[in-house]
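Residue numbers (the UniProt record's numbering): 1 to 403. Built from N, CA and C at the ideal position, the CB exists for glycine as well.
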Amino acid sequence: MTAVFPPRQRGECPSLSKPMTTGDGLLARINPINGAISPADLAGVAEAARRFGNGLLEITLRGSLQIRGLRPDTVAGMNATVEALGLQIRSGLPLDVAPLAGLCRNERADPRPLAEAIENQAADFAPRLGPKVSVVVDGGGPSMLAGVKADVRLTALGATTWQLAIAGDANAARFVGTYEAEWAVQSAVSLLRAIADGGRKTRGGDLLLTYQDVQPPVKPRKSEPSRLHPGDITLLTDNRFAAVVALPFGTVSAETLIAFSVEMQSLGITEFRLSPQRMLILLCPDEATARAALTRSDPHHLIIQQDDPRLRIVACAGAPACASGYFNTHALGRDLAANPPDWLDGPFLLHLSGCDKQCAKPAGAHVDVIGVPGSRKIVANGIVLPPDFSDRLTNIPPMQRAS
């Protein structure tokens, strides 16, 4: 019997065993522990995505791996393939630490012990939390987590001191207090318990006016969130080197990912880390390998420079990959990036959405270009647009959705 997957309510998260219905079929999400995956295993997942899906994979803003275009009759095969690879998949409370946690030389503190303690202490009530409730434990190094929203977030200010905040990313989250490690764990767990007690629709932001913390907060100290960028190479605590690449628009074809993974493995690279901001970190045995890895990433059309104009564009799958899309978001994005207008280097992101669902909508200042039947509409979100803004958006004709 073919499995039937009912439409999920907005706010639910797809997984490998419970994929989500989208415009191009079913979407499954994989979260390896610490984002760790070998080149061989990533190639194996890509091959399965080609066989059981539509051959498109994504790394999300939170660093998850997504497989697109599955069908009800292929989900079991996808599951079996991933299970056979033996990947260590994260389950339970979404609790994010940096992909280089414990390996970063300028990390203020290793976040993993605190994350483990929070997970253990929250285990009894975690099933009562809503599916979108999440925790970030940031060790204070170049973590890539500054832009990741969380209901509860801890950020290291020193070796044993942690700042607790709720409801937002590193810039928007509301300060609760500064604590030593043990109290930081207990306070974070208390917040999560309060969220659970409010019901599965309760989020961290709902506690802003009602939650009374267990300890008087210390005056907040601002920490400057740092991050790695495409093209960066950094020395790790185990004397390996991390090289950073990014996926254009967060998407890659199975064929490209397989070829790339095989080539990286031929260089002696045995481990990747999926990273927030749609990036992939390559753990290299030495600096020469790291430099070679970046050089060899370029022919695969991966991003290896932090000023690459494709980083200023956020795009969903779009047509023809997604049946809901009214225009080819990636084609327009590539066209703009190939000959970038001056305004693409401005203070806002350009968000290309194939339809009104806006699945890839970013945070922060951005302009929306949304597909509608036979055309596209522009939503400026209060941003004053340059006179030639709309001119560059007419190069690619709209596509009619399949009925």
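Query raised in the report: Does the distance from the CB of Arg-108 to the CB of Gly-140 come in under 8 Å?
Result: yes
Query raised in the report: Is Val-252 helix, strand or coil when you go by DSSP?
Result: strand
Requested in this report: Output the distance between the C-alpha atoms of Ala-84 and Ala-48, rounded to the nearest integer angstrom.
Outcome: 11 Å
Requested in this report: In angstroms with no decimal places, state the Cα-to-Cα distance between Asp-24 and Val-369.
Outcome: 20 Å
Query raised in the report: How many angstroms separate the CA atom of Asp-151 from the CA atom of Leu-61?
Result: 16 Å
Query raised in the report: Just checking my contact of Pro-340 with Gly-63 at CB under 8 Å: how many whole Å lie between their CB atoms?
Result: Incorrect: roughly 27 Å between the Cβ atoms, too far for contact.
Requested in this report: Using DSSP bridges, identify the partner residues of Met-20.
Outcome: Leu-27
Query raised in the report: Looking only at DSSP bridge pairs, what is Tyr-179 linked to?
Result: Trp-162
Query raised in the report: In whole angstroms, what is the alpha-carbon distance linking Lys-357 and Ala-170?
Result: 26 Å
Query - Nonlocal neighbours in the same chain, by C-beta distance under 8 Å from Val-189, ignoring five residues either side - result: Ile-118, Gln-121, Ala-122
**Report entry** Sub-8 Å separation of Ala-115 and Val-82 beta-carbons
**Finding:** no
Query raised in the report: Which of the three DSSP states, helix, strand or coil, is assigned to Asp-232?
Result: coil
Query raised in the report: How close, in whole Å, do the beta carbons of Leu-100 and Ile-281 come, if the pair is a contact with beta carbons under 8 Å?
Result: 7 Å
Query raised in the report: Between the beta-carbon of Ala-40 and the beta-carbon of Gln-265, is there less than 8 Å?
Result: yes
Query raised in the report: Whose C-alpha, out of His-351, Leu-192, Val-245, is nearest the C-alpha of Arg-273?
Result: Val-245
Query - Ile-378 (DSSP reduced to helix, strand or coil) - result: strand
Query raised in the report: Would you call the stretch 322 to 337 and the stretch 349 to 366 in contact, with 3 or more CB pairs under 8 Å?
Result: yes
Query raised in the report: Is Glu-263 helix, strand or coil by DSSP?
Result: helix
Query - When Leu-209, Pro-127, Gly-231 are compared against Ala-167, the one with the closest alpha-carbon - result: Leu-209
Query - Burial state of Pro-127 (16 or more Cβ within 10 Å) - result: exposed
Query raised in the report: Is the stretch 278 to 297 touching the stretch 231 to 248 in the sense that three or more CB pairs, one from each, lie closer than 8 Å?
Result: yes
Query raised in the report: With distances taken from CA atoms, which of Thr-22, Gly-44, Ser-390 is nearest Leu-257?
Result: Gly-44
Query - Extent of the continuous alpha helix (DSSP H) to which Ala-48 belongs - result: 39 to 52
Query raised in the report: What are the partner residues of Leu-274, as DSSP defines its beta bridges?
Result: Leu-280
Query raised in the report: If you follow the alpha helix (DSSP H) that Gly-333 is part of, which residue opens it and which one closes it?
Result: 329 to 338
Requested in this report: Taking the CB atoms as reference points, tell me whether residue 411 and Ala-173 lie closer together than 8 Å.
Outcome: Since the displayed the chain opens at 1 and closes at 403, residue 411 lies outside it and no answer follows.
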